[in-house]
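Undergrad:
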Amino acid sequence: MKNNLIKQLLQRFTPSSRALLIAVPYGFLLLFFMLPFITVFKISFADQATKIPPYTDLISIQDAAWTLKINFEHYRAVLVDNLYIQSYLDSIIVAFNTTLICLLIGYPAAYFVARCEKWRNELLMLLMLPFWTSYLIRVYAWIGILKDNGLLNNFLLSMHLIDEPLRLYHNNWGMYIGMVYSYLPYLILPLYAHMVKMDLTLLEAAQNLGAKPWKAFRDITLPLSMKGVIAGCLLVFIPAVGEYVIPELLGGSDSVMIGRVMWDDFFSNTDWPTASATACIMIVLLLLPIALFQRMQVQQMEEAYE
Amino acid sequence: MEGIAAKVTKSPNEPGQENFIQLIDVVKQFGDTTAVDHVNLSIRKNELFALLGSSGCGKSTLLRMMAGLETPTSGRILIDGEDLAKSPPFRRPVNMMFQSYALFPHMTVEGNVAYGLKQEGIAKQEIKDRVDAVLELVQMQAYKLRKPHQLSGGQQQRVALARSLVKRPKLLLLDEPMSALDKKIRQQTQFELGNILFKVGVTCVMVTHDQEEAMTMADRLAVMTEGKLVQVGTPTEVYEFPNSRFSAEFIGSTNMFEGTLLEEDSNLMLSAELDSPLQLLHKINGNAGKLLSVSIRPEQIAISLKPEAKKHNVATGVVDQIAYMGSYSLFYIRLTGGKLIVASVSRLVTQLMERMPSYDDTVYVSWEPMSCVVLA
Numbered sequence: 246m247k248n249n250l251i252k253q254l255l256q257r258f259t260p261s262s263r264a265l266l267i268a269v270p271y272g273f274l275l276l277f278f279m280l281p282f283i284t285v286f287k288i289s290f291a292d293q294a295t296k297i298p299p300y301t302d303l304i305s306i307q308d309a310a311w312t313l314k315i316n317f318e319h320y321r322a323v324l325v326d327n328l329y330i331q332s333y334l335d336s337i338i339v340a341f342n343t344t345l346i347c348l349l350i351g352y353p354a355a356y357f358v359a360r361c362e363k364w365r366n367e368l369l370m371l372l373m374l375p376f377w378t379s380y381l382i383r384v385y386a387w388i389g390i391l392k393d394n395g396l397l398n399n400f401l402l403s404m405h406l407i408d409e410p411l412r413l414y415h416n417n418w419g420m421y422i423g424m425v426y427s428y429l430p431y432l433i434l435p436l437y438a439h440m441v442k443m444d445l446t447l448l449e450a451a452q453n454l455g456a457k458p459w460k461a462f463r464d465i466t467l468p469l470s471m472k473g474v475i476a477g478c479l480l481v482f483i484p485a486v487g488e489y490v491i492p493e494l495l496g497g498s499d500s501v502m503i504g505r506v507m508w509d510d511f512f513s514n515t516d517w518p519t520a521s522a523t524a525c526i527m528i529v530l531l532l533l534p535i536a537l538f539q540r541m542q543v544q545q546m547e548e549a550y551e
Numbered sequence: 022m023e024g025i026a027a028k029v030t031k032s033p034n035e036p037g038q039e040n041f042i043q044l045i046d047v048v049k050q051f052g053d054t055t056a057v058d059h060v061n062l063s064i065r066k067n068e069l070f071a072l073l074g075s076s077g078c079g080k081s082t083l084l085r086m087m088a089g090l091e092t093p094t095s096g097r098i099l100i101d102g103e104d105l106a107k108s109p110p111f112r113r114p115v116n117m118m119f120q121s122y123a124l125f126p127h128m129t130v131e132g133n134v135a136y137g138l139k140q141e142g143i144a145k146q147e148i149k150d151r152v153d154a155v156l157e158l159v160q161m162q163a164y165k166l167r168k169p170h171q172l173s174g175g176q177q178q179r180v181a182l183a184r185s186l187v188k189r190p191k192l193l194l195l196d197e198p199m200s201a202l203d204k205k206i207r208q209q210t211q212f213e214l215g216n217i218l219f220k221v222g223v224t225c226v227m228v229t230h231d232q233e234e235a236m237t238m239a240d241r242l243a244v245m246t247e248g249k250l251v252q253v254g255t256p257t258e259v260y261e262f263p264n265s266r267f268s269a270e271f272i273g274s275t276n277m278f279e280g281t282l283l284e285e286d287s288n289l290m291l292s293a294e295l296d297s298p299l300q301l302l303h304k305i306n307g308n309a310g311k312l313l314s315v316s317i318r319p320e321q322i323a324i325s326l327k328p329e330a331k332k333h334n335v336a337t338g339v340v341d342q343i344a345y346m347g348s349y350s351l352f353y354i355r356l357t358g359g360k361l362i363v364a365s366v367s368r369l370v371t372q373l374m375e376r377m378p379s380y381d382d383t384v385y386v387s388w389e390p391m392s393c394v395v396l397a
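Chains A and B supply the protein sequences, listed in that same order.
Counting in my numbering, the first sequence runs from 246 upward without gaps.
Counting in my numbering, the second sequence runs from 22 upward without gaps.
#1: Of all Cβ atoms in chain B, is any one closer than 8 Å to the Cβ of A:Lys-457?
#2: Check this for me: beta carbons of B:Met-236 and B:Pro-256, under 8 Å apart or not?
#3: Residues of the region 125 to 154 of chain B in Cβ contact with chain A at a cutoff of 8 Å, in chain order, please.
#4: By the DSSP assignment, the alpha helix (DSSP H) with B:Gln-372 in it spans what residues?
#5: Just reading off the beta strand (DSSP E) that B:Tyr-380 is part of, what are its end residues?
#6: DSSP puts B:Ser-387 in a beta bridge; with which residues?
#7: Who are the near neighbours of B:Arg-151 in its chain, counting only those whose CB is closer than 7 Å to its CB and skipping five residues on each side?
#8: Which word fits B:Ile-97, buried or exposed, when buried means at least 16 other C-beta atoms lie within 10 angstroms of its C-beta?
#9: What's the gap between the Cα of B:Ala-163 and the Cα of A:Pro-468?
#10: Taking B:Met-117 as the query, report the chain A residues whose CB atoms sit under 7 Å from its CB, ordered along the chain.
#11: DSSP three-state label for B:Gly-358, please.
#12: Counting Cβ pairs, one atom from each stretch, are 3 or more of them under 8 Å apart for the region 502 to 514 of chain A and the region 334 to 346 of chain A?
#13: Out of curiosity, what's the CA-to-CA distance linking A:Tyr-428 and A:Val-481?
#14: Using a beta-carbon distance below 8 Å, is A:Asp-499 in contact with chain B?
#15: Specify, as a first and last residue, the run of the alpha helix (DSSP H) that A:Glu-318 falls within.
#16: Let me see if you follow: with CB-CB separation under 8 Å, is A:Thr-446 close to chain B or not?
#17: Pick out whichever of B:Phe-219, B:Arg-376, B:Trp-388 and B:Ser-274 has its Cα sitting closest to the Cα of B:Leu-6.
#18: Tell me the residue span of the alpha helix (DSSP H) that contains B:Thr-210.
#19: Should A:Ala-291 be flagged as near chain B, meaning a C-beta pair shorter than 8 Å?
#20: How is the alpha helix (DSSP H) around A:Gly-504 delimited, first residue to last?
#21: For A:Glu-493, report the span of its alpha helix (DSSP H) as first-last.
#22: So B:Ser-95 packs on B:Asp-53, CB below 8 Å; how close in whole Å?
#23: Let's test the definition: count the other Cβ atoms within 10 Å of the Cβ of A:Glu-439 and tell me whether it reaches 16, buried, or not, exposed.
#24: Using DSSP's beta-bridge definition, name the partner residues of B:Ser-314.
#25: If the cut-off is 9 Å on Cβ atoms, which residues from the region 39 to 51 of chain B count as contacting chain A, listed in chain order?
#26: Using a C-beta cutoff of 8 Å, does B:Lys-80 count as contacting chain A?
#27: A:Ala-450 CB to nearest chain D CB: under 8 Å?
#28: Can you find a CB in chain B that lies within less than 8 Å of the CB of A:Ile-465?
#29: Does the beta-carbon of B:Ile-42 have 16 or more other beta-carbons within 10 angstroms, so that it is buried, or is it exposed?
#30: Would you identify the three-state DSSP class for B:Arg-97, choosing helix, strand or coil?
#31: Using the Cα positions of A:Glu-488 and A:Ile-422, report the straight-line distance between them to the nearest angstrom.
#32: Could you tell me the distance, in whole angstroms, from the CA atom of A:Arg-365 to the CA atom of A:Glu-449?
#33: Contact check, B:Pro-126 vs B:Pro-169 under 8 Å by CB: the rounded distance?
#34: For A:Ile-304, which residues of its own chain have a beta-carbon under 6 Å away from its beta-carbon, when the five flanking residues on both sides are left out?
#35: Excluding the five sequence neighbours on either side, which residues of its own chain have a C-beta within less than 8 Å of the C-beta of B:Asn-61, listed in chain order?
#36: Using Cβ-Cβ distances below 9 Å, what residues of the region 193 to 205 of chain B are close to chain A?
So, in C-alpha cells, the structure goes:
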C-alpha cells in the first residue's frame, strides 16, 4: 500500500520525455529573454545614480528596515514627453511604410517565384543569398552606394543623367532603401510558401466558370494568399519598429526612431531607468501585433489538421 | 445492367441530333510527344459520352481542349456548329467538373455555386433562385453555408456538379468524376449522377479509366489509346463486338486465340492452341492461311466434367486456379496445348453441375460459334 503510494508519487513528479523536450526551448527563453527582460523591467522603476551600475536598488536595507522604492516617474516622463511620443510615432510610421513598400515589391516577386517552375530554385537561392553576408556589412555597403560620391551617384553623373548628386544618404530616402532592402526577404519567403501551395486548378475552375484571368486572380489567388501576406507583413513590421542600425547608419535627422532615443539614453545620458521604461513601453506596443500573429498561426495549424 | 432501370422515362432529354459537338482532326502535341493524334468524333445532343482509356492515353488532354484549358495544335472543335477556337476558356458555353473538384476553399457552398453566375452579371435574386434550385437538385441545400472542407467527399462532388450545372452549359465535362470517392459509395453515386444529368438534359463528356463506370453511365463511349480513338459505340456494341484486340481486352477480360484460315472462304480457323479447328459463325473472305485473331468472352465459355460430343469449339484442360466471386466463379483452365484461358461461370450453373470443379480436375470447355468475335 505504502509502496504503491510512493510509486504513484514518483510517477506523478518524474518529468516525461515530452516535458523535457518542451523544457529546452522554454529554458532558453527563460534564460535569455525573460531574465534580461525582468532586469530591464526592474531598472525602469529605479532612479538614476552616479555609480556603477548607474541606477539605485529598488530594495534597500537601512537601520534594519527594508525599504521598497518604486519610481513610476520615468514612465510618466516618457509618456508625456513629446520627444518620446514623436519617436514612437515615427517608428510606427517608418515600420508601416517599410512594410507597405515591401508588400508592393514582395507580392509580385513572391507570385513570380511561386509560378515560375523553371527557375524557382535559382530565384529562391538569389533571395537567400544576401543572408550569407553579415547584415551589418550589407548595410555599410549601402553607404558606399548611396553617398554623394558613391557608386550610384558617380554612375548617374558619368552618364550625364543628373547634374548634381542625388541626396540619398543620411535622410529618409537612405533609411527606407536600407530598411526595404533588409526586410524584403522576410516578406517574400512566407508569402511564397503560401502561394506555392495553392492548387492551380482553382484558377482553371474560375476561368471555366467565366472569370477573366485578372478576376480569377482577385477572387481566388488574392484571398487565398492573404494569410501569407499577414504573416510576411508582421515579420517585417515587428522588427522594423525597433530597428536601430539602419536608421542610424543610413538615416538622417528627419525621423528619430525609438531605437535611437534608447541608445542616447543608455549611452549618452547614462539614464538607464528612462531607457528601460522606453523599452518596456515598446514591448507592450509590439505585444499586440505579436499576439495577433501568434493567434493567426495557431488558427492556421488547427485548420491544417482539420 | 441496373443503370438502365433508372432510365425508364422517355423524354425530350433522350439523346438526339447527331453532330452537336464535333471534333475535326484534332491534334495536340507536347514537345515531341503527340498526346492526341488526329481525333475525329461527333457527340449527340443530350448524350452522356465517355472517353475511356488508361492513364496517359490522351483522354484528359482531349477534355481539356474542349474546355479551352489546352489549345489544339491543329484541328477544330465545334459546339452546335460554332468553332470554339475563337473563344477563350472563360467565354465558352462549356463547364467542367474537375477531378479534384477544385472547389474554392474560402467560399461557402452557396458562394462556390453562385460564382459562375456572378461572372455573367445576372441579377442577385435570379442568382439566388438558380443556386437554390440546383442545390435542391443535388440535395445539398441544407449545407449551403458550409465551407468545402466541412463536407465529405461525396458532398463535395455534388457541390462541384451543382457548380458546373448552374450555368446551364451546352457541354458539361466530367473529369474522372468518381475517382476521389470510396469504392463503396462509387456505384450508388454513378446512378445518382446519371439520374441528375438525365433530369437536367445536358450533353456530357466524361473521362474515365474505369470501364465499369463508363459502361454503367454512358450512352456511348470511345476507347482511346496512344492518343487515338480505337472504337466508338454503345457499351453493348463495344463489349459484344470489339473491333480490335485493344478494345476487347480493355473492356472486360477476354480469351484471345490466334490462328489461320483453314481453307479459302471457310468458317474454320486452325489454331496451334486448340486440338480441333475453331468454328466461326460466318465465313471469312480470304485465302487459306490468312492470319486471324478471335476473342471469346469468359462468360461465353461453358465448362463440364464430362466430354462434349462436339467436333468443333471444344477443348480439354485442367483447372489451374479458381476465383470464387460469390455470384459467379472464375475458372482459370490450362488447355492441353498449354494455353491458359478463363471461364466465368455463374452460381446458377455450378449449382446444377453434379459437383463444383476443383483444382487439378480435368474439365471440358466449349463455346458457340456466335461467341467468337473475329478481330482485324
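The C-beta atom is built at its ideal place from N, Cα and C for all residues, glycine as well.
Quick caveat, the model's predicted, so the values are computed rather than measured.
TA: In short:
#1: Yes - at least one Cβ of chain B is within 8 Å of the one on A:Lys-457.
#2: In contact: B:Met-236 and B:Pro-256 (Cβ atoms closer than 8 Å).
#3: Phe-125, Pro-126, His-127, Tyr-136, Gly-137, Gln-140 and Glu-141
#4: 368 to 373
#5: Looking at the DSSP string, B:Tyr-380 is not in any beta strand (DSSP E), and its letter there is neither H nor E.
#6: B:Ala-323 and B:Val-335
#7: Leu-138 and Val-187
#8: In the sequence as presented, Ile is not what sits at residue 97 of chain B; that position holds Arg. With fewer than 16 other Cβ atoms within 10 Å, it is exposed.
#9: 26 Å
#10: Asn-453
#11: coil
#12: Contact between the region 502 to 514 of chain A and the region 334 to 346 of chain A is present, because at least three Cβ pairs lie under 8 Å.
#13: 6 Å
#14: no
#15: From DSSP, the alpha helix (DSSP H) with A:Glu-318 extends over 318 to 325.
#16: yes
#17: In the structure displayed, chain B extends from 22 to 397; residue 6 of chain B sits before or after that span and is not available.
#18: Residue range 204 to 221 is occupied by the alpha helix (DSSP H) that includes B:Thr-210.
#19: no
#20: 503 to 508
#21: 490 to 495
#22: About 16 Å separates the two Cβ atoms, so there is no contact after all.
#23: The residue asked about is misnamed: residue 439 of chain A is His in this sequence, not Glu. Result: buried.
#24: B:Glu-279 and B:Leu-396
#25: Of all residues in the region 39 to 51 of chain B, none has a Cβ within less than 9 Å of some Cβ in chain A.
#26: Not one chain A Cβ lies under 8 Å of B:Lys-80.
#27: No chain D appears in this structure, whose protein chains are A and B.
#28: yes
#29: Burial state of B:Ile-42 is buried, judged by a 10 Å Cβ sphere holding 16 or more other Cβ atoms.
#30: strand
#31: 14 Å
#32: 22 Å
#33: In this structure B:Pro-126 touches B:Pro-169 by the C-beta definition: roughly 6 Å separates them, less than 8 Å.
#34: For A:Ile-304, where only same-chain residues beyond five positions count, the Cβ hits under 6 Å are Leu-313.
#35: Leu-44, Ile-45, Asp-46, Val-47 and Leu-250
#36: Leu-194
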